[in-house]
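Colleague: Its first residue numbered 1, the sequence shown is counted upward by one per residue in UniProt numbering.
Please find one structure pasted underneath; my questions will follow.
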Amino acid sequence: MDTPTTRSLVLGLALGVIPIASNLYLGLKTGWGFGSEFFAILLGFPLLRFVDRTLNGTDNASTVTLQEHGLLVTVSVAVSNLTMSGYVNGIPALYKLGLLDPAAYPVDMARLVVWGTTVALVACFVALVMAPWFLKRRDLPFPSSVGAAHLLRQLHANAAVSAAEGAAVVEGKVIPPLDDEKVARKRRESEVQQRTMVQCIVGSFLFLMVAFAIPAIKEYHLFWWLAGAPPRTGPHPTAGLAAIFYNMDRFHLFFSVSFAFFGAGMMMGVRTTTSFFFGSFLAWYGIGHWLVEKSGWVPNPYDPRTRRYSSPTSMDPSFPGAAYWLLWPGITILVTHAATDLVLNAAAYLINRVRGTASASRASSTAAMPDPNDPTAPLPATHGSHDVSGFAGRQVRVLKYVAAPMAVALCAIMTQATFRLSLGVAGLAIGLGVVLTYIATLASAVTDMNPSGTLAKVAKGVLAMVPATSLAQRQVTTVAGAMVAAGLSSQTVDLVSSFKLGQLCQMNVLAQVRTQLLGATLAAPLTALVFSLYVHAYPCILAERDDDCATQHGFSLTAANTWKVFAIAMADGPAAIAARVPPSALAACGVAAAAVVVTGIIRRVLLQPRGYAWIVPQWNAIGVAMLNPRTDYAFAAWLGALVSVVWQRQAPHAHDKLLFTVASGFIAGEGLWGLVAAVMNIVGLSNGWLTRAGLP
């Protein structure tokens with residue numbers, strides 16, 4: 001399919017509005033959001049079939065193709081992924097700092113809509129340029145994208161098998177009927193996969209629905225119980241085994257049922273998930289508690305007056321927790337690994353070009369392509385096709401080399417006009433966004449977690465060093481510039497993942513780009529409209545003092561207040577910024593960077609040719625683990641990988657047929673529940689609404 005259909009565009013835009021509303025609400029409350037990919041896949045399919053039957057006046061749904069459904073998902077993702085790009089963090093922070101006036105909100109929002117549109121368009125072009133580099137690599141699993149592709153193909157499988165009983169017309173081509181034996185085999189396989197998929201989605205969804213009312217069945221705080229179940233409000237144990245157990249729970253060493261990370265772990269592999277889990281355990285409990293807290297590298301976390309421990313996740317430079325210390329080596333690992341990876345892969349590419357082997361590698365990358373007209377064809381065990389030839393078309397090249405620079409220039413001009421920054425600073429922010437995009441995409445493709453929000457702190461630190469004539473100008477430069485960089489990075493990561501979905505379903509690249517550009521054009525006005533509804537209902541979102549927001553309305557505004565605190569802390573210039581980084585953390589950054597570079601070279605030069613590359617840990621996973629305090633998520637991913645290994649050894653045939661089905665079903669079930677949970681929060685039902693018994 002070379003062009004998106006009207007019905008896929010309209011339905012995709014409509015389905016994109018729901019995640020906008022839910023993610024804005026959750027983002028303002030917690031700083032978190034959910035992807036919309038699985039939501040669009042699951043709800044888009046029956047809607048497409050309904051529209052098809054209504055317009056054609058027949059029960060035959062054969063005109064709904066896999067590629068059309070995929071383009072619906074593409075536009076839905078493009079229109080809904082702007083929520084975390086300023087609206088839940090930077091924009092409220094600008095109002096709380098007094099840099100924007102609530103009285104001028106309509107005018108400010110009109111400017112922000114135009115600015116946000118230019119950022120979204122640049123994200124589309126950056127994704128178009130970067131996608132081939134990531135999609136042709138076999139060491140990047142893209143767990144959610146692979147799961148989404150498998151779910152997409154599975155939803156269309158039964159219709160394809162039914163059509164196979166007689167001649168069918170797909171994409172204008174006549175597909176001859178299959179013989180009875182092949183039809184029966186495909187039908188049996190399709191029915192088993194479909195039944196397994198439904199069981200995984202429904203089972204995980206129902207479990208999480210019950211756990212939303214009774215969260216103790218989802219989280220098991222063994223160490224908290226062993227510590228004597230002390231209340232969170234204090235007093236907390238300070239000596240003996242009780243103190244050890246309590247601190248283990250305080251650093252999230254508990255088990256929680258996370259179907260999404262379990263399913264992602266099944267596709268991530270043992271090396272990545274082992275690095276993720278043990279990296280998380282050693283970083284947070286080993287280093288964070290026993291070195292950072294016990295050695296006094298951060299202020300004493302225990303307050304003898306209140307007899308309580310402070311949160312280890314505090315990012316306030318004035319009262320930092322272990323998270324603030326781990327932030328610096330964690331970011332160093334991600335940045336160093338990305339740079340090392342880029343250099344080593346570029347060197348390998350040049351060597352292959354000199355030896356004349358590049359064409360051979362390109363040929364091998366297209367050898368295992370699933371048939372786009374046969375949704376029942378399984379995805380290969382290597383996570384699918386790695387063909388990127390669709391990015392070499394003439395029209396795509398025109399977009400890359402003509403439209404992309406124009407979009408960048410327009411974004412820089414609009415950033416200058418909206419926030420009164422110089423063109424140089426606007427260009428610096430866009431450049432930082434491109435760099436952060438590469439780092440975040442590499443990390444997200446491996447761990448299924450987008451670290452763009454955390455990497456935004458790098459952008460803030462760099463932009464805070466830009467000379468400024470006043471305190472207000474420095475704060476605007478820090479916050480607005482970071483909004484550009486983080487917004488560009490966050491959106492591009494999602495769009496590259498969307499390209500991976502398109503690659504696995506063999507969607508036309510140009511059609512995907514067109515749908516992404518349409519979604520990006522409409523994303524800012526739709527997001528601003530929903531955001532304005534929340535601001536009208538809860539004016540405290542923009543207030544400098546927002547105590548009532550948390551106590552009366554439940555809006556903690558975590559992300560917005562974090563950005564505000566960082567802008568204040570970094571407003572004193574480069575010397576003050578350097579002074580706020582713990583010296584021990586700087587030393588750890590040096591050690592971490594050296595370890596990443598040395599092991600990366602050893603792995604590529606010595607171990608990989610001999611088949612021992614698995615010995616070296618996956619540094620991206622370790623870096624993400626240091627930035628994310630949820631050790632329980634890493635443990636769930638590790639368990640998923642172990643279950644996959646045992647399953648493969650005990651039943652290899654079933655494993656090959658059902659691995660992606662089970663994994664994508666679990667991911668889809670939790671992803672769909674995340675949106676429903678957001679709606680329940682909106683109507684006033686919070687997590688643990690029935691009882692929180694058994695939880696700290």
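Glycine residues also receive a C-beta, built at the ideal position from the N, C-alpha and C atoms.
#1: Tell me whether the beta-carbon of Ala78 lies closer than 8 Å to the beta-carbon of Leu501.
#2: Among the candidates Ile601, Met449, Phe531 and Asn508, whose CA atom is the shortest distance from the CA of Thr5?
#3: If I measure Cβ to Cβ from Pro230 and keep anything under 7 Å in the same chain, skipping five residues before and after, which residues do I get?
#4: Give the DSSP-derived three-state secondary structure of Ser311 in the structure shown.
#5: Span of the alpha helix (DSSP H) holding Ala127?
#6: Does the Cβ of residue 697 have 16 or more other Cβ atoms within 10 Å, making it buried, or fewer, making it exposed?
#7: Look at the alpha carbon of Thr357 and the alpha carbon of Ser389, and state the distance between them as a whole number of angstroms.
#8: Mark Gly228 as exposed unless 16 or more other C-beta atoms lie within 10 angstroms of its C-beta, in which case mark it buried.
#9: From the DSSP output, read off the bridge partner residues of Glu219.
#10: Under three-state DSSP, which class holds Tyr302?
#11: Do you know whose CA, among Arg232, Ser686 and Val493, lies nearest Ser145's CA?
#12: Considering only residues of the same chain and omitting the five flanking positions on each side of Ile217, which have a CB-CB separation below 7 Å?
#13: If you drop the 5 nearest sequence neighbours on each side, which residues of the same chain put their C-beta closer than 6 Å to that of Met449?
#14: Find out if the Cβ-Cβ distance for the pair Ala72, Leu11 is shorter than 8 Å.
#15: On the three-state DSSP scale, how would you describe Val169?
#16: Quick one: is Asp101 buried, meaning 16 or more other Cβ sit within 10 Å of its Cβ, or exposed?
#17: Please classify Tyr324: does DSSP put it in a helix, a strand, or coil?
#18: Rounded to a whole number of angstroms, what is the C-alpha to C-alpha distance between Leu672 and Tyr220?
#19: In terms of residues, what are the limits of the alpha helix (DSSP H) holding Arg474?
#20: Are three or more beta carbon pairs between the segment 133-144 and the segment 428-435 nearer than 8 Å?
#21: Buried or exposed, going by whether 16 or more other CB atoms sit within 10 Å of the CB of Phe254?
#22: Just mark Tyr612 as buried or exposed, buried being the case when its beta carbon has 16 or more other beta carbons within 10 Å.
#23: Please classify residue 765 as buried or exposed, where buried requires at least 16 other C-beta atoms within 10 Å of its C-beta.
#24: Can you tell me whether Ser205 is buried or exposed? The criterion is at least 16 other CB atoms within 10 Å of its CB, across all chains shown.
#25: Short check: CB of Phe251 to CB of Tyr285, under 8 Å?
#26: Alpha carbon to alpha carbon, how far is Gly433 from Ser584? Give it in angstroms, no decimals.
#27: By Cβ distance below 8 Å, which residues in the same chain neighbour Thr117 in space, the five residues on each side in sequence not counted?
#28: Once the 5 residues before and after Ala468 are set aside, which same chain residues still bring their CB inside 7 Å of it?
#29: Do the CB positions of Ala482 and Leu510 come within less than 8 Å of each other?
#30: Is there contact between the segment 405-425 and the segment 585-595, where contact requires at least three CB pairs shorter than 8 Å?
#31: Counting along the chain, where does the alpha helix (DSSP H) carrying Gly623 start and finish?
#32: Counting only the same chain and skipping the five closest in sequence on each side, list residues whose C-beta sits under 8 Å from that of Ala14.
#33: Compare the C-alpha of Gly98 against each of Ala443, Thr313, Leu542 and Gly234 and name the closest.
#34: Using the beta-carbon count (16 or more within 10 Å), is Met197 buried or exposed?
#35: What distance in whole Å lies between the Cβ atoms of Trp647 and Phe276, which are believed to be in contact at a cut-off of 8 Å?
#36: Let's see if you can read the secondary structure: which residues bound the alpha helix (DSSP H) around Arg271?
Modeller: With the given structure in hand:
#1: no
#2: Asn508
#3: His236, Pro237 and Tyr246
#4: coil
#5: Tyr105 to Leu135
#6: With the chain covering only 1 through 696, there is no way to say anything about residue 697.
#7: Low confidence applies to Thr357: its pLDDT is 49, below 50, so where it sits in the model is not reliable enough to give any reading.
#8: exposed
#9: Ser256
#10: strand
#11: Val493
#12: Val210 and Ala211
#13: Val624
#14: The amino acid at residue 72 is misidentified as Ala; the sequence shows Leu. Contact: yes.
#15: Confidence at Val169 is low in this model, with a pLDDT of 42, below 50, so the placement of that residue should be treated as unreliable; the coordinate-derived value is given next. Val169 falls in the strand class under three-state DSSP.
#16: exposed
#17: helix
#18: 23 Å
#19: Leu471 to Leu504
#20: no
#21: buried
#22: exposed
#23: Here the chain covers residues 1 to 696 and nothing more, so residue 765 does not appear.
#24: The identity of residue 205 in the sequence shown is Phe, whereas the question assumes Ser. That one is buried.
#25: yes
#26: 28 Å
#27: Ala520, Thr521, Ala523, Ala524 and Pro525
#28: Arg474 and Thr477
#29: no
#30: no
#31: Trp619 to Leu627
#32: none
#33: Leu542
#34: buried
#35: At roughly 20 Å, the Cβ-Cβ gap does not stay under 8 Å, so Phe276 and Trp647 are not in contact.
#36: Val270 to Phe281
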